[in-house]
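Enquirer:
There are 2 protein chains.
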Amino acid sequence: MPKLDESLLSDLPPFSLLERGQIRDILDQAVSRRYDEGTAIFREGHDADRFYLLLDGYLRVIRSTEGGEEIIVLHISPGQLFGIAKALERDTYPATSIAAAESIALSWPTRLWSEFAETYPGFATESYKTLGRRLGEIQTTLTEMATQAVEKRVAAAVLRMMNQSGRRTEDGIEIGFPITRQNISDMTGTTLHTVSRLLSAWEKAGIVASRRKHVVVTNPHELVLLSGAQG
Amino acid sequence: MPKLDESLLSDLPPFSLLERGQIRDILDQAVSRRYDEGTAIFREGHDADRFYLLLDGYLRVIRSTEGGEEIIVLHISPGQLFGIAKALERDTYPATSIAAAESIALSWPTRLWSEFAETYPGFATESYKTLGRRLGEIQTTLTEMATQAVEKRVAAAVLRMMNQSGRRTEDGIEIGFPITRQNISDMTGTTLHTVSRLLSAWEKAGIVASRRKHVVVTNPHELVLLSGAQG
DNA sequence: ACTGAACGTTGCTCTTCGACAAACTCGCGG
DNA sequence: CCGCGAGTTTGTCGAAGAGCAACGTTCAGT
Numbered sequence: 038m039p040k041l042d043e044s045l046l047s048d049l050p051p052f053s054l055l056e057r058g059q060i061r062d063i064l065d066q067a068v069s070r071r072y073d074e075g076t077a078i079f080r081e082g083h084d085a086d087r088f089y090l091l092l093d094g095y096l097r098v099i100r101s102t103e104g105g106e107e108i109i110v111l112h113i114s115p116g117q118l119f120g121i122a123k124a125l126e127r128d129t130y131p132a133t134s135i136a137a138a139e140s141i142a143l144s145w146p147t148r149l150w151s152e153f154a155e156t157y158p159g160f161a162t163e164s165y166k167t168l169g170r171r172l173g174e175i176q177t178t179l180t181e182m183a184t185q186a187v188e189k190r191v192a193a194a195v196l197r198m199m200n201q202s203g204r205r206t207e208d209g210i211e212i213g214f215p216i217t218r219q220n221i222s223d224m225t226g227t228t229l230h231t232v233s234r235l236l237s238a239w240e241k242a243g244i245v246a247s248r249r250k251h252v253v254v255t256n257p258h259e260l261v262l263l264s265g266a267q268g
Numbered sequence: 038m039p040k041l042d043e044s045l046l047s048d049l050p051p052f053s054l055l056e057r058g059q060i061r062d063i064l065d066q067a068v069s070r071r072y073d074e075g076t077a078i079f080r081e082g083h084d085a086d087r088f089y090l091l092l093d094g095y096l097r098v099i100r101s102t103e104g105g106e107e108i109i110v111l112h113i114s115p116g117q118l119f120g121i122a123k124a125l126e127r128d129t130y131p132a133t134s135i136a137a138a139e140s141i142a143l144s145w146p147t148r149l150w151s152e153f154a155e156t157y158p159g160f161a162t163e164s165y166k167t168l169g170r171r172l173g174e175i176q177t178t179l180t181e182m183a184t185q186a187v188e189k190r191v192a193a194a195v196l197r198m199m200n201q202s203g204r205r206t207e208d209g210i211e212i213g214f215p216i217t218r219q220n221i222s223d224m225t226g227t228t229l230h231t232v233s234r235l236l237s238a239w240e241k242a243g244i245v246a247s248r249r250k251h252v253v254v255t256n257p258h259e260l261v262l263l264s265g266a267q268g
């Protein structure tokens, strides 16, 4: 295991208040690992024996029904803690995490979570902030799902990914990780067919451009209108 | 303000580890209040200046869209803490709480949350457990909403309320708070018309019996089948 | 360069469920 | 005891979107 550089953590909120030596200690206890696209970091219901920090890449957090259908609950971007079941006093993971793109994450044994929370100022605070944000996100998704028509939901989902991971290109803003129609339908509770039709229509209207597994939003403003912002 | 009795808290998880004197201190700082059916305890987006404990009654936690539609995110039963935005480092409430039945709640100023969490063993732990459970519940609702047909969602929603608040009667198990078809449709993202049709059909099939604003489940087993447990 | 698998498109049909409409009933306040 | 309003029921209609099917396209691996 190569020695990890302190600059990896020093700018991230959960660690930004700490001194060099403290960060060193934390890093020395961490395991770093790479995950190929499509690999599971952990699975729903399994023992929550470690917690994680995403250094690079993107994750999908999914839940599956007994019927075998999967729905994507949220995405995780670099710099975020995840798998922090312990913060909520759970001993199993409540959902499955899959690498949406090739990703790198640090992890620590669960027992260190309480130790970090007690020892390092701001660590617990930031963890709980993260959870609070996620709870809010999920509630928003839920309300959308319950009240909005499919087209608006899909538009909103694409916008959310764009805002979270978008990077400028010459044509517009590209979603920063590979994504299939099936993935989008799993976020919005619809079918890949319907998503395909919508994206085709939007492509004709000059709102998006999509290649296989990649989506570029060329006219974000129009997409916002479609998403039905303020009705 | 009448002096509150210590037995109010002594059996509840967040306080069960505490001594008599500590509970006295906590109670002396609490404000107790009654809320009529339909009254809001606090509203989404407002300053989270207090946190609460439901002593008696039932609450609906709702979120509303810009379009004015409301959806019910979850229900809260007696003995639960709520409005604990502070635990997630939020300074506004993320949703609105409405009394579903006449209810009584204690409340404390937000700043005491951290104090309680530090001073009283088990208090923070229990708060986070509550949040963890709710996060799980919401995720379940979300997956259901995304993958299940209306009938299954409604069946699941009725079952959930039955399990949470049901009380035995001679005819079956009655949901413990007033509930309209509109309320059920707000939980399941459908219309009151559809819910009315479903309940009528179930009534004919001998699965439920409903009077105005009240629902009794007469054949829970059949309802579980309808909810599509294990496909 | 070839092949198969994964991903995407499109047309058609069929069902579910939302929208609109109208009437009924229960329970409360005057 | 009456009238009003909130809650409920039931019917009809139409549109949104799921299901099914078939085909096209891109890519990774050999």
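Chains as they are written, first to last, in my numbering: chain A, 38 to 268; chain B, 38 to 268.
Don't be surprised by glycine CBs; every beta carbon is placed ideally from N, CA and C.
Note that the structure is a prediction, hence the values are computed from the model and not measured.
Using beta carbons (cut-off 9 Å, strictly below), is Glu-188/A in contact with chain B?
Expert: As a position in the first sequence, residue 188/A is number 151, starting the count at 1. Cβ-Cβ to chain B under 9 Å: no for Glu-188/A.
Enquirer: Considering only their Cβ atoms, is the gap separating Ala-161/B from Asp-128/B smaller than 9 Å?
Expert: Locating residue 128/B in the second sequence gives position 91, where the first residue counts as 1. Locating residue 161/B in the second sequence gives position 124, where the first residue counts as 1. For Asp-128/B and Ala-161/B, no; Cβs fall outside 9 Å.
Enquirer: May I ask you to verify whether the segment 190 to 210 of chain A touches the segment 39 to 46 of chain B, counting CB pairs closer than 8 Å and requiring at least 3?
Expert: no
Enquirer: Quick check on DSSP: helix, strand or coil for Tyr-165/A?
Expert: Residue 165/A sits at position 128 when you count from the first residue of the first sequence. Helix at Tyr-165/A.
Enquirer: Can you tell me whether His-112/B is buried or exposed, with buried defined as 16 or more other CB within 10 angstroms of its CB?
Expert: Residue 112/B sits at position 75 when you count from the first residue of the second sequence. Per the 10 Å Cβ criterion, buried.
Enquirer: May I ask which residues mark the beginning and end of the alpha helix (DSSP H) holding Asp-223/A?
Expert: Your numbering for residue 223/A matches position 186 in the first sequence. 218 to 225 is the span of the alpha helix (DSSP H), which, as asked, contains Asp-223/A.
Enquirer: Would you list, in chain order, the members of the segment 120 to 153 of chain B that have their beta-carbon closer than 8 Å to a beta-carbon of chain A?
Expert: Here the close residues are Ala-122, Ala-124, Leu-125, Glu-126, Arg-127, Pro-131 and Ala-132.
Enquirer: Can you tell me whether DSSP reads Leu-111/A as helix, strand or coil?
Expert: Indexing the first sequence from 1 puts residue 111/A at position 74. Three-state result, Leu-111/A: strand.
Enquirer: So the alpha helix (DSSP H) Ser-151/B belongs to, where does it begin and stop?
Expert: Working through the second sequence from its first residue, we reach residue 151/B at position 114. That run of the alpha helix (DSSP H) goes 148 to 156.
Enquirer: Quick check: what's the CA-CA separation for Arg-170/B versus Ala-246/B?
Expert: Position 133 of the second sequence, counted from the start, is the residue given in the question as residue 170/B. Position 209 of the second sequence, counted from the start, is the residue given in the question as residue 246/B. The straight-line gap from Cα to Cα measures roughly 30 Å.
Enquirer: Would you say Gly-159/B and Phe-88/B are within 9 Å of each other, going by their C-beta atoms?
Expert: Working through the second sequence from its first residue, we reach residue 159/B at position 122. Working through the second sequence from its first residue, we reach residue 88/B at position 51. The answer is no: Cβ separation not under 9 Å.
Enquirer: Going by beta carbon distance, what residues of the same chain come within less than 8 Å of Lys-250/B, once the five residues before and after it are set aside?
Expert: For the purposes of this step, residue 250/B is taken as the residue at position 213 of the second sequence. Closer than 8 Å at Cβ, skipping near neighbours: Pro-215, Ile-216 and Thr-217.
Enquirer: For a quick check, are the C-beta atoms of Gly-226/B and Thr-184/A less than 9 Å apart?
Expert: Taking the second sequence and counting its residues from 1, the one referred to as residue 226/B is at position 189. Taking the first sequence and counting its residues from 1, the one referred to as residue 184/A is at position 147. In contact: Gly-226/B and Thr-184/A (Cβ atoms closer than 9 Å).
Enquirer: Grab the span of the alpha helix (DSSP H) containing Asp-65/B for me, first residue to last.
Expert: Position 28 of the second sequence, counted from the start, is the residue given in the question as residue 65/B. Segment 57 to 65, the alpha helix (DSSP H) holding Asp-65/B.
Enquirer: Return the CA-CA distance between Leu-196/A and Leu-260/A, expressed in angstroms with no decimal places.
Expert: As a first step, residue 196/A must be located in the first sequence, where it is residue number 159. As a first step, residue 260/A must be located in the first sequence, where it is residue number 223. One C-alpha to the other measures close to 7 Å.
Enquirer: Check whether the segment 166 to 181 of chain B touches the segment 95 to 110 of chain A, taking contact to mean three or more Cβ pairs, one atom from each stretch, closer than 8 Å.
Expert: yes
Enquirer: What residues in its chain sit with their C-beta under 6 Å from that of Met-198/B, if we drop five residues either side in the sequence?
Expert: If you number the second sequence from 1, residue 198/B lands on position 161. By the criterion of a C-beta distance shorter than 6 Å, Met-198/B is surrounded in its chain by Ile-212, once the five residues flanking it on both sides are discounted.
Enquirer: Quick one: give me the first and last residue of the alpha helix (DSSP H) that Ser-134/B is part of.
Expert: Numbered from 1 along the second sequence, position 97 holds the residue referred to as residue 134/B. Premise fails: Ser-134/B lies in the beta strand (DSSP E), 133 to 136, not in any alpha helix (DSSP H).
Enquirer: With DSSP collapsed to three states, give me the class of Ala-192/A.
Expert: Taking the first residue of the first sequence as 1, we reach residue 192/A at position 155. Helix at Ala-192/A.
Enquirer: Could you tell me the distance, in whole angstroms, from the CA atom of Ser-140/A to the CA atom of Leu-92/A?
Expert: Position 103 of the first sequence holds residue 140/A. Position 55 of the first sequence holds residue 92/A. Their backbone Cα atoms lie some 7 Å apart in a straight line.
Enquirer: Report the three-state DSSP secondary structure of Phe-160/B (helix, strand or coil).
Expert: On the second sequence, position 123 is the one that residue 160/B refers to. In this structure, Phe-160/B counts as helix in the three-state DSSP scheme.
Enquirer: Which of helix, strand or coil does DSSP assign to His-83/B?
Expert: For the purposes of this step, residue 83/B is taken as residue 46 along the second sequence, with counting starting at 1. Note: His-83/B maps to coil in three-state DSSP.
Enquirer: Taking 9 Å as the CB-CB cut-off, is Gln-117/A touching chain B?
Expert: Counted from its first residue, the first sequence places residue 117/A at position 80. No, no contact with chain B.
Enquirer: Distance cutoff 9 Å, beta carbons only. Does Lys-166/B sit that close to anything in chain A?
Expert: By one-based count along the second sequence, residue 166/B stands at place 129. Taking Cβ atoms only, chain A reaches closer than 9 Å to Lys-166/B, which makes this a yes.
Enquirer: Can you confirm whether Leu-172/B, when its beta carbon is compared against all beta carbons of chain A, has any partner nearer than 9 Å?
Expert: Position 135 of the second sequence, counted from the first residue, corresponds to residue 172/B. Yes - at least one Cβ of chain A is within 9 Å of the one on Leu-172/B.
Enquirer: Glu-152/B: buried (16+ other C-beta within 10 angstroms of its C-beta) or exposed?
Expert: Counting from 1 along the second sequence, the entry for residue 152/B is found at position 115. Exposed.
Enquirer: Only counting the same chain, and skipping five residues up and downstream in sequence, which positions put a Cβ closer than 7 Å to that of Leu-55/B?
Expert: Position 18 of the second sequence holds residue 55/B. Tyr-157, listed in sequence order.
Enquirer: Does chain B have any CB closer than 9 Å to the CB of Thr-177/A?
Expert: In the first sequence, the residue the question calls residue 177/A occupies position 140. At least one chain B Cβ lies under 9 Å of Thr-177/A.
Enquirer: Along the chain, where does the beta strand (DSSP E) that runs through Ser-247/A open and close?
Expert: For this step, residue 247/A is matched to residue 210 along the first sequence. Taken as a continuous stretch (DSSP letters only), the beta strand (DSSP E) holding Ser-247/A covers 245 to 248.
Enquirer: Leaving out five residues before and five after Ala-124/B in sequence, what residues of the same chain have Cβ atoms less than 6 Å from its Cβ?
Expert: As a working note, residue 124/B is residue 87 in the second sequence. Correct list, in chain order: Ser-164.
Enquirer: By the 10 Å Cβ neighbour count, where 16 or more other Cβ atoms means buried, how is Glu-155/B classified, buried or exposed?
Expert: Taking the second sequence and counting its residues from 1, one reaches residue 155/B at position 118. Flag for Glu-155/B reads exposed.
Enquirer: With a cut-off of 9 Å, does the C-beta of Glu-155/B fall near any C-beta of chain A?
Expert: Stepping through the second sequence from its first residue, residue 155/B is reached at position 118. Cβ-Cβ to chain A under 9 Å: no for Glu-155/B.
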